[in-house]
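In the working numbering, the protein residues as written are 9 to 462.
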């Protein structure tokens, strides 16, 4: 997705844009090897959807055409805890639920419609081409995956959107440049997903059902309705408490959540797939912005620069943000050489991903099994961390706090907005004697089957 978004904005600035992908690209929505995470639940955050709709104005119609459900955050969903259901909280904030593969297919269909954009699928990039001085990247070397036929692509600007498996550090090392330093945080979060046919007993206008993480075990789960009348169901665990990849174990894990809501809905549903496990959930930030030497004409974006724990659903939206940054910076370089562009882009990108990286690692850093680069937190930051954990509890019942929290998690507002006096007061009031009781009945008048009630 980062490569598709980059290609879209690059088409506004360059006569020719070539997208090179290791997979054979087609118009269908099947899963493909280059995107192993696509078999799992994806959430399109509002900031990402807004950017996509600006760049692809037909996207809302395209989503409706494939039957991607629309939801209002706080309204069109059921959230369960051990105590009961959280009450509805109108926010006016809307987005769509859609599978990763379908969304990618929609975007991939539109990008080649841009003048000068072509695709070269089934092709692996093996290294960078440079000028005679080795200081400017002039293209890439590649080879066809099946025939091993060598190819070269020349370019004024090379953008690496190769994801977590990017070889950019090795390419730079082969040219005599240093590899970027890296920040890694791994809480050993794992999850397992299975696709189901949407059953007839599904409540109407409820594309999301969530069982929040158990305070003790950390286990959680979600049902997400996507296009085609399908459910994608994800179960998550922390600290190496990985959900099983066999159906019996998967159902038993679902039953162990702090509410039986998900278990009771999927135990009678028709599976459309096997259970797929995923454990590559570490947060990795490759600090290209800190390089003291770099070649001109080469930038790194998307997960290749900074990859997040996928459980928080930020990846596609941050990739869209990266592309908007690329576009804005290129406008400042119009009609002049790209000297200095690579350094400026990586520094701007680092600023852009700082908040999403902090959001993605905040909970991971407090897990007992966390490994990697663990910063020493001053006393003040520790207290703020305790405050934010309390705030999350308050979102269950306080509509004002919930709406602001949703805006932050959708990357619309900065986390500091949750420290505004009116929010802090509502959190304090909750713990100083406000009602914490949740509903033990349905949500929004939805009639749940007796077995589905916590």
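The beta carbon of each residue, even a glycine, is placed where N, CA and C say it ideally should be.
Since we're looking at a predicted model, the values are computed, not measured.
- Per DSSP, reduced to three states, the secondary structure at residue 244 is strand.
- Remark: C-beta atoms of residue 115 and residue 96 do not approach each other more closely than 7 Å.
- Around the beta-carbon of residue 154, fewer than 16 other beta-carbon atoms lie within 10 Å, marking it exposed.
- Per DSSP, reduced to three states, the secondary structure at residue 270 is helical.
- With 16 or more other CB atoms across the displayed protein chains lying within 10 angstroms of its CB, residue 176 is buried.
- Here residue 33 is near residue 129, since their CB atoms are less than 7 Å apart.
- In this structure residue 15 is in contact with residue 125, their Cβ atoms being roughly 6 Å apart against a cut-off of 8 Å.
- CA-to-CA, the gap between residue 376 and residue 192 works out to about 16 Å.
- DSSP places residue 203 in the uninterrupted beta strand (DSSP E) bounded by 198 to 205.
- Distance from the Cα of residue 239 is smallest, within the candidate group 218, 226, 257 and 181, for 218.
- Closest in alpha carbon position to residue 111, among 77, 89 and 140, is 77.
- In the DSSP annotation of this structure, the continuous segment of the alpha helix (DSSP H) that includes residue 430 starts and ends at 429 to 439.
- At the C-beta level, residue 419 and residue 55 come within 7 Å of one another.
- For residue 324, the enclosing alpha helix (DSSP H) begins and ends at 323 to 339.
- Where residue 97 is concerned, there is no enclosing beta strand (DSSP E), because DSSP gives it neither an H nor an E.
- Judged by beta-carbon spacing, residue 161 lies beyond the 7 Å limit of residue 142, meaning their Cβ atoms are not closer than that value.
- Judged by beta-carbon spacing, residue 133 lies beyond the 7 Å limit of residue 270, meaning their Cβ atoms are not closer than that value.
- Taking 7 Å as the cut-off, the Cβ atoms of residue 353 and residue 307 count as close.
- Residue 65 is classed as exposed because its beta carbon has fewer than 16 other beta carbons within 10 Å across all chains shown.
- Judged by their CB atoms, residue 227 and residue 265 are nearer to each other than the 7 Å cut-off.
- As computed with DSSP, residue 279 is found in a beta bridge with 204.
- Taking C-beta atoms as the reference points, residue 135 and residue 122 fail to come closer than 7 Å.
- Between the beta-carbon of residue 279 and that of residue 204 there is about 6 Å, and that keeps the pair under the 8 Å contact cut.
- Residue 262 and residue 318 have their C-alpha atoms spaced approximately 20 Å apart.
- DSSP places residue 86 in the strand class (E or B) of the three-state scheme.
- Here the alpha carbons of residue 256 and residue 273 stand approximately 15 Å from one another.
- Within the stretch 162 to 189, the complete beta strand (DSSP E) runs of at least 3 residues fall at 166 to 168.
- For residue 216, the enclosing beta strand (DSSP E) covers residues 216 to 219.
- In its own chain, leaving out the 5 sequence neighbours on each side, no residue places its CB closer than 7 Å to the CB of residue 210.
- Comparing C-alpha distances from residue 79 to each of 46, 26 and 99 shows the shortest one belongs to 99.
- Listed as beta-bridge partners of residue 257 by DSSP are no residues whatsoever.
- The three-state reading of DSSP puts residue 156 in coil, since its state is none of H, G, I, E or B.
- Beta-carbon to beta-carbon, residue 350 and residue 276 are separated by about 55 Å, too far to satisfy the 8 Å threshold.
- Residue 361 holds the alpha-carbon nearest to the alpha-carbon of residue 311 among 356, 361 and 58.
- Residue range 349 to 372 is occupied by the alpha helix (DSSP H) that includes residue 369, with no beta strand (DSSP E) assigned at that position.
- DSSP, read as helix, strand or coil, puts residue 22 in coil.
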